[in-house]
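Everything below concerns the one structure shown next.
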Amino acid sequence: MNHLIEVRDLVRLYPGVRAVDGISFRVERGQCFGLLGPNGAGKTTTLEVLEGIQTPTSGQVRYKGRPLDRDYRESIGIQFQATALQDFQTVNESLTMFRRLYRRTADRDELIGLCNLAEILNRDTRKLSGGQRQRLLLAIALVNDPELVFLDEPTTGLDPQARRNFWGLIEGVRRRGTTVILTTHYMEEAERLCDQIAIIDDGRIIAEGNPVALVREAFPARTIHLPESAWPSGVPLPSDAVLREGEMELFSDEVSARLAELERVGADLSELRIATPNLEDLFLKLTGHALRT
Ligand code: ATP
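Position 235 of the sequence shown, counting from 1, maps to 436 under the numbering used here, and the rest follow consecutively.
What follows is the structure, encoded as structure tokens:
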């Protein structure tokens with residue numbers, strides 16, 4: 202058995218809401234596993250059950266083959282979507298306070314290096330930028346040197362630069378061998394960081410696998426985008442064309458052959474765009490609605 206955590210037939214009901222509606226998956230040791238889905242899909246609820254914070258309505262979570270127990274709490278770290286930090290504390294004091302809560306702790310200097318905190322150690326936690334605050338919260342999640350760390354939408358609200366920097370830190374955490382389970386609604390984040398993802402919609406997993414492989418299985422290699430108006434009148438549309446918001450999409454493994462075909466029928470190629478299909482396209486294909494709502 203190489204999996205660290207296993208979720209079986211998980212259901213979590215709230216009054217009038219099936220927040221999690223029968224979810225099963227396994228996370229292997231050392232993996233970065235992503236729960237991807239739009240707002241309200243059930244990602245946080247699933248994570249909270251895995252963290253032992255919420256009790257499932259039915260179903261099971263097993264860690265190393267056993268039900269979650271007190272030792273489990275000591276071997277995981279959690280970065281919540283929102284965490285209140287103590288006022289009038291510096292980053293350094295905040296780290297010290299959290300270190301005191303655990304029997305086992307990560308090496309302090311290594312943690313400061315890993316989360317890039319050296320330059321802000323003496324800064325008041327109320328004065329931190331969004332990215333700096335997330336770095337401190339990551340360090341707090343890792344303070345007990347966990348085997349498994351949960352990151353709930355760790356880059357939501359960060360600007361693109363800070364988001365990319367944070368991805369670098371998560372890659373560093375993985376290099377140490379820590380297993381990561383994260384939620385996100387940024388497909389780019391999932392594509393870059395995750396070995397395995399489960400796409401959740403309405404409390405159910407609608408696709409699971411390696412993000413690159415999932416997209417490759419669902420689509421030819423490239424998408425050709427053309428304005429609908431670029432298509433010559435009187436010529437029938439290709440049978441695989443998808444029309445969306447004034448645009449026409451064609452899928453192709455052989456881009457040059459497809460372009461030659463478009464030229465032959467007299468399509469106006471001046472505004473043509475070629476893209477690589479991604480998880481956003483996959484989500485749209487599976488559900489008929491966009492990932493980010
Ligand atoms: P987001 O990306 O917005 O955080 P999510 O995918 O994490 O969304 P959840 O927060 O797990 O989704 O919510 C799933 C569903 O359960 C939503 O419809 C939400 O409104 C509902 N829900 C969550 N927590 C509660 C609660 N404590 N009581 C009632 N309904 C809840």
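Glycine is no exception: its CB is placed at the ideal position from the N, C-alpha and C atoms.
The ligand ATP heavy atom lying under 8 Å from the CB of residue i
| i | result |
| --- | --- |
| His204 | no |
| Tyr215 | yes |
| Ala220 | yes |
| Thr246 | yes |
| Gln282 | yes |
| Glu311 | no |
| Gly235 | no |
| Thr384 | yes |
| Ile224 | no |
| Pro355 | no |
| Ala408 | no |
| Ala468 | no |
| Pro239 | yes |
| Ala319 | no |
| Gly243 | yes |
| Gly404 | yes |
| Ala401 | Correcting the residue type first, residue 401 is Ile in the shown sequence and not Ala. Indeed, a heavy atom of the ligand ATP lies less than 8 Å from the Cβ. |
Reference residue i, options the options, closest by Cα
| i | options | result |
| --- | --- | --- |
| Pro239 | Ser440, Asp454, Asp402, Leu451 | Asp402 |
| Glu409 | Leu296, Ala363, Leu318, Leu487 | Leu487 |
| Ile425 | Asp325, Thr380, Asp441 | Asp441 |
| Arg405 | Ile206, Leu205, Arg213 | Arg213 |
| Asp353 | Leu460, Phe226, Ala283 | Ala283 |
| Glu418 | Ser259, Gly358, Asp482, Glu252 | Asp482 |
| Arg393 | Asp454, Glu372, Gly241 | Glu372 |
| Ser457 | Gln362, Met449, Leu473 | Leu473 |
| His204 | Gly235, Val443, Tyr264 | Tyr264 |
| Phe234 | Asp308, Asn479, Glu446, Pro412 | Pro412 |
| Gln232 | Asn323, Ser471, Arg376, Leu296 | Arg376 |
| Leu315 | Leu470, Thr379, Ser453 | Thr379 |
Residue i, DSSP secondary structure in three states
| i | result |
| --- | --- |
| Phe420 | coil |
| Gln261 | strand |
| Arg334 | helix |
| Gly410 | strand |
| Asp272 | helix |
| Pro428 | strand |
| Thr494 | Legend: pLDDT at Thr494 = 49, less than 50; position of this residue unreliable, value from coordinates given subsequently. The answer is coil: DSSP assigns Thr494 none of H, G, I, E or B. |
| Val436 | coil |
| Leu318 | coil |
| Ile371 | helix |
| Arg301 | coil |
| Ala363 | helix |
For residue i: DSSP bridge partner residues
| i | result |
| --- | --- |
| Ser295 | Bridge partners of Ser295: none, in fact. |
| Phe234 | Ile382, Gln397 |
| Gln280 | Leu352 |
| Asp346 | Answer is none; Asp346 lacks a bridge partner. |
| Ser453 | Arg423 |
| Val466 | BP columns for Val466 are empty, so no partner. |
| Leu214 | Arg219 |
| Leu444 | Met449 |
| Asp402 | Arg405 |
| Phe226 | Val208 |
Presumed contact (8 Å Cβ cut-off) between residue i and residue j, rounded CB distance
| i | j | result |
| --- | --- | --- |
| Arg423 | Ala476 | 7 Å |
| Thr246 | Val221 | 5 Å |
| Val350 | Ile277 | 7 Å |
| Ile341 | Gln333 | About 13 Å separates the two Cβ atoms, so there is no contact after all. |
| Asn345 | Arg305 | 6 Å |
| Thr326 | Leu337 | 7 Å |
| Leu248 | Thr385 | Actually they are not in contact, since the Cβ atoms of Leu248 and Thr385 sit about 11 Å apart, beyond 8 Å. |
| Glu252 | Ile279 | 6 Å |
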